[in-house]
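Enquirer: FYI, our numbering numbers position 45 of the sequence shown as 46, with every residue one higher than the one before it. Using N, Cα and C, we set each Cβ at its ideal position, and we do this for glycine too. Here the structure is a predicted model, which means the values were calculated and not measured. Have a look at the structure that comes next, please.
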Amino acid sequence: MICQNCFQENEKGSNFCIHCGSKLNKMIISSVSLIAYMATLNNNIIYENKKKIISNIFDYLAQNNTVNFRNKLDNIFNKAIHSLDKDYYFMMKVYFYEFKNYTSSIDQQKHAFHLMVEFLIEMIYADGIKNEKVRIAVEEIARYFDVPQSYLQTIYNKFENTQDNRQKTSDSSNKNTLDKYYSILKSTQNSTNMDIKRAYRELVRQYHPDSIQGKELPEDFMLFANERLKEINNAYDIIKKERGIK
Numbered sequence: 002m003i004c005q006n007c008f009q010e011n012e013k014g015s016n017f018c019i020h021c022g023s024k025l026n027k028m029i030i031s032s033v034s035l036i037a038y039m040a041t042l043n044n045n046i047i048y049e050n051k052k053k054i055i056s057n058i059f060d061y062l063a064q065n066n067t068v069n070f071r072n073k074l075d076n077i078f079n080k081a082i083h084s085l086d087k088d089y090y091f092m093m094k095v096y097f098y099e100f101k102n103y104t105s106s107i108d109q110q111k112h113a114f115h116l117m118v119e120f121l122i123e124m125i126y127a128d129g130i131k132n133e134k135v136r137i138a139v140e141e142i143a144r145y146f147d148v149p150q151s152y153l154q155t156i157y158n159k160f161e162n163t164q165d166n167r168q169k170t171s172d173s174s175n176k177n178t179l180d181k182y183y184s185i186l187k188s189t190q191n192s193t194n195m196d197i198k199r200a201y202r203e204l205v206r207q208y209h210p211d212s213i214q215g216k217e218l219p220e221d222f223m224l225f226a227n228e229r230l231k232e233i234n235n236a237y238d239i240i241k242k243e244r245g246i247k
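Written as structure tokens, this is what we have:
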């Protein structure tokens, strides 16, 4: 148990910090530690997308509290991710019983447990890598929190759809970018490799300095031709790589 004041570790089940004497706020400690343990269940690397999600979660937990409280969440988290004993099952039970003792309202308990499960599922999809080990752990927590399978599936579907939409947007963006490079080569994605090579050679011939020198063209055009040739070479390099053209 990580103290919320001095951020030192204590034995499981401790009520007071052996380092600074503070009474341990187990509900806060367990909620943040559970998130930390689950965030690093697959490995200790937390990528940027997941960092943003965790930051948003802590912003939510710290609403109506002080900046100092929000900073404490970060400090507990940073200590927890390096803990040698990442027992998410223990922290899950602590969080469950602490919140049960915090309020007798069934609706508030249900909301808190559902929300925690949603936070954990969101982290599964954060990096675009769906890890079976993490998913099994989340479903174990959901069962302990008495979260219905139907609700769990609804949350999974929500993030699946979000991820699918992101992928479609990314694919569309990549296609539009490639279309731009094909256009520079006066080609399309339906053009054959031979057609693209032929178009590339013709464009290089048109804009190469050797072809336009001695034609007494304005300096502005010479500069334009030089920039155009750079565009053509760049576009051809990208399309060659995309198509595997040798």
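1) Would you report the Cα separation of MET87 and SER106, rounded to the nearest angstrom?
2) I need the boundaries of the alpha helix (DSSP H) containing MET93, first residue and last residue.
3) Rounded to whole angstroms, how far is the Cβ of LEU204 from the Cβ of ILE197, which I believe are closer than 8 Å?
4) Write down the C-beta distance between ASN43 and ASN132 rounded to the nearest angstrom, noting that I regard them as a contact closer than 8 Å.
5) Taking GLU141 as the reference, which of LEU35, CYS21, SER192 has the closest Cα?
6) Can you name the start and end residues of the alpha helix (DSSP H) that PRO210 belongs to?
7) So is CYS7 buried or exposed if we call it buried at 16+ other beta carbons inside 10 Å?
8) Classify ILE46: buried if its beta carbon has 16 or more other beta carbons within 10 angstroms, exposed otherwise.
9) Buried or exposed: GLN5, going by 16 or more other Cβ atoms within 10 Å of its Cβ?
10) Taking ASN69 as part of the alpha helix (DSSP H), name the residues at either end of that continuous run.
11) Along the chain, where does the alpha helix (DSSP H) containing VAL148 start, and where does it finish?
12) Report buried or exposed for GLU161, applying the criterion of at least 16 other Cβ atoms within 10 angstroms of its Cβ.
13) What residue from SER192, MET92, SER32 has the CA that sits closest to ASP75's CA?
14) For GLU10, which residues does DSSP report across the bridge?
15) Give me, in chain order, the residues of the same chain whose beta-carbon lies closer than 7 Å to that of MET93; leave out the 5 immediate sequence neighbours on both sides.
16) By DSSP's criteria, PHE17 is part of a beta bridge. Which residues make up the other side?
17) Would you say the region 48 to 65 touches the region 119 to 127, given that touching needs at least three Cβ pairs under 8 Å?
18) Measure the CB-CB distance between ALA226 and ILE240 and report whether it falls below 9 Å.
19) Along the chain, where does the alpha helix (DSSP H) containing GLN110 start, and where does it finish?
20) Rounded to the nearest angstrom, what separates MET28 and TYR98 at their Cα positions?
21) To the nearest angstrom, report how far apart LYS80 and ASN11 are at their CA atoms.
22) According to the Cβ coordinates, are TYR208 and TYR237 closer than 9 Å?
23) Do MET39 and VAL148 have their CB atoms nearer than 9 Å?
Expert: Reading from the atomic positions:
1) First, the residue type needs correcting, since residue 87 is Lys and not Met in the sequence shown. Rounded to whole angstroms, the separation of the alpha carbons of SER106 and LYS87 is 30 Å.
2) 89 to 103
3) Contact flag wrong, Cβ pair sits at about 11 Å.
4) 5 Å
5) LEU35
6) 210 to 213
7) exposed
8) With a threshold of 16 other beta carbon atoms within 10 Å, ILE46 falls short and is exposed.
9) buried
10) 68 to 81
11) Where VAL148 is concerned, there is no enclosing alpha helix (DSSP H), given that its DSSP letter is neither H nor E.
12) The residue in question, GLU161, is exposed, as its Cβ has fewer than 16 Cβ neighbours within 10 Å.
13) Closest option to ASP75, Cα to Cα, is SER32.
14) ILE3
15) LEU35, ILE142, TYR145
16) When DSSP reads this structure, PHE17 sits in a beta bridge with LYS24.
17) yes
18) no
19) 107 to 127
20) Looking at the two C-alpha atoms, the distance is approximately 9 Å.
21) 12 Å
22) Cβ distance not < 9 Å, so TYR208 and TYR237 don't count as in contact.
23) In this structure, VAL148 does not lie closer than 9 Å to MET39 by Cβ.
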